[in-house]
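Note sheet for the following structure.
Protein chains: 2
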Amino acid sequence: MKAVVLRIGHRYVRDYRVTTHVALVARAFGAEKMLVVNSEDEIKKSIKAVNERWGGDFEVEEVSNWKSVLKDWKSSGNKIVHLTMYGISVDDAIDDIKEEKKDLLVVIGAEKVPRDIFDMSDYNISIGNQPHSEIAALAIFLDRLFRGKQLKRNFNGSMNIVPSAKGKVVKTMM
Amino acid sequence: MKAVVLRIGHRYVRDYRVTTHVALVARAFGAEKMLVVNSEDEIKKSIKAVNERWGGDFEVEEVSNWKSVLKDWKSSGNKIVHLTMYGISVDDAIDDIKEEKKDLLVVIGAEKVPRDIFDMSDYNISIGNQPHSEIAALAIFLDRLFRGKQLKRNFNGSMNIVPSAKGKVVKTMM
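The listed protein sequences correspond, in order, to chains A and B. If you number the first sequence the way the numbering used here does, the last residue is 174 and the count never jumps. If you number the second sequence the way the numbering used here does, the last residue is 348 and the count never jumps.
Below, the structure written as structure tokens:
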């Protein structure tokens, strides 16, 4: 079961740091790729630099139209999960989503989300029904999907952290 | 077991949106309060507006010196948890932390964190050993601490979302 993140509603410059956090979370929590409309090249570059140092092959891909991404994804028979505070609780829906055994497009909005997204998604899922953060929502969703195992994944990076009680211990492959 | 979040390293203006996400996550995931050094008044105001609409009494408090917050917290006998990618994995440490049955100060840094924080903390905890986001780290930590129950908490707000598969359903108390 693969997960690809689609970040919609990204506002140039204004959302730069938040969308970078979304990409880093997608990568660290086990997604394959983030699709984003109209974003800064720097996001792509900074994720590439993270891969070079810390491993893995997570990609950021610029797309021109989110609606056609949703349509293509739907017609391939895979599933679309939209994270929204208005949706069904993740803990009430995650087993059904897993049972589908399909690849997932996980849609993450910025402040306002077009109505179409609710209609086109197979699942509208809330991570609690309080306003918070799309970054946190993505992390919790992927954590539930992969049952926390993503946190122990080996990225085979040239740098690897050795978990430590008090310091910063990093193994560097020469 | 209460959790208070201490946000350190906040950079005026630059970190405004990220620190706002930290505050919203702290509130939605069951912390009592966020302490922050040198932040914008708007953060306090926007959280107040969220409480008025969506309930609860989560607070943002400006503090002048994080070191004295850590010292006071330590001398009260409560515990300090610092979230860092260099720490011990949350899933290897969360049971020990819960067994302490103490209130927790959860320290969340921005990019670089002073060495003192590692030394003064009782636990340096990683949410995976990959770089990602302090917003995601806080969400996962509080989710593990409160075992996901925080997501179903009733905030008794004047507005309440009714989880819905397709739409936005909000009950408003008149």
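For every residue, glycine included, the Cβ atom is placed at its ideal position computed from N, Cα and C.
Residue i versus residue j: straight-line alpha-carbon distance, rounded
| i | j | result |
| --- | --- | --- |
| glycine 87 of chain A | serine 249 of chain B | 43 Å |
| histidine 256 of chain B | aspartate 290 of chain B | 11 Å |
| arginine 227 of chain B | serine 332 of chain B | 6 Å |
| aspartate 122 of chain A | serine 338 of chain B | 12 Å |
| asparagine 51 of chain A | lysine 67 of chain A | 29 Å |
| arginine 188 of chain B | arginine 14 of chain A | 10 Å |
| valine 189 of chain A | methionine 259 of chain B | Residue 189 of chain A falls outside the range modelled here, since chain A spans only 1 to 174, and no answer is possible. |
| alanine 197 of chain B | glutamate 285 of chain B | 17 Å |
| lysine 340 of chain B | tryptophan 247 of chain B | 45 Å |
| arginine 147 of chain A | methionine 173 of chain A | 29 Å |
| asparagine 330 of chain B | valine 199 of chain B | 18 Å |
| lysine 33 of chain A | glycine 229 of chain B | 36 Å |
| serine 39 of chain A | arginine 327 of chain B | 36 Å |
| lysine 219 of chain B | tyrosine 186 of chain B | 16 Å |
| leucine 209 of chain B | proline 288 of chain B | 17 Å |
| aspartate 270 of chain B | valine 162 of chain A | 20 Å |
| aspartate 215 of chain B | aspartate 119 of chain A | 38 Å |
| lysine 2 of chain A | alanine 49 of chain A | 23 Å |
| valine 37 of chain A | isoleucine 221 of chain B | 29 Å |
| glycine 283 of chain B | glutamine 130 of chain A | 24 Å |
| asparagine 65 of chain A | aspartate 231 of chain B | 41 Å |
| glutamate 100 of chain A | glutamate 274 of chain B | 40 Å |
Run of the beta strand (DSSP E) containing residue i, from where it starts to where it stops
| i | result |
| --- | --- |
| glutamate 32 of chain A | First-last for glutamate 32 of chain A: undefined, no H or E at that position. |
| alanine 177 of chain B | 177 to 181 |
| lysine 171 of chain A | 170 to 172 |
Identity of the residues DSSP links to residue i by a beta bridge
| i | result |
| --- | --- |
| serine 300 of chain B | B:Ser263 |
| isoleucine 161 of chain A | A:Val170 |
| isoleucine 282 of chain B | B:Arg181, B:Leu257 |
| valine 211 of chain B | B:Val237 |
| asparagine 78 of chain A | BP columns for asparagine 78 of chain A are empty, so no partner. |
| asparagine 156 of chain A | A:Gly55 |
Beta-carbon proximity check, residue i vs residue j, cutoff 8 Å
| i | j | result |
| --- | --- | --- |
| alanine 175 of chain A | alanine 313 of chain B | Any question about residue 175 of chain A goes unanswered here, given that chain A covers just 1 to 174. |
| leucine 175 of chain A | glycine 183 of chain B | Nothing in the structure corresponds to residue 175 of chain A, since chain A is present only between 1 and 174. |
| lysine 253 of chain B | leucine 278 of chain B | yes |
| serine 307 of chain B | histidine 132 of chain A | no |
| alanine 93 of chain A | isoleucine 125 of chain A | yes |
| alanine 205 of chain B | valine 178 of chain B | yes |
| lysine 69 of chain A | leucine 6 of chain A | It is worth fixing the name first, because residue 69 of chain A is valine in this sequence and not lysine. Yes, they are a contact pair. |
| lysine 102 of chain A | glycine 77 of chain A | yes |
| valine 192 of chain B | arginine 17 of chain A | yes |
| asparagine 160 of chain A | lysine 149 of chain A | no |
| arginine 318 of chain B | valine 264 of chain B | yes |
Continuous alpha helix (DSSP H) stretch holding residue i: start and end
| i | result |
| --- | --- |
| asparagine 225 of chain B | 215 to 228 |
| leucine 325 of chain B | Where leucine 325 of chain B is concerned, there is no enclosing alpha helix (DSSP H), given that its DSSP letter is neither H nor E. |
| glutamate 236 of chain B | That residue, glutamate 236 of chain B, is in no alpha helix (DSSP H); its beta strand (DSSP E) goes 233 to 237. |
| glutamate 134 of chain A | 134 to 145 |
| lysine 71 of chain A | 66 to 75 |
| aspartate 119 of chain A | 115 to 120 |
With 7 Å as the C-beta to C-beta threshold (strictly closer), list the residues of the region 187 to 200 of chain B near chain E in chain order.
Looking at the structure shown, chain E is missing, and the protein chains on hand are A and B.
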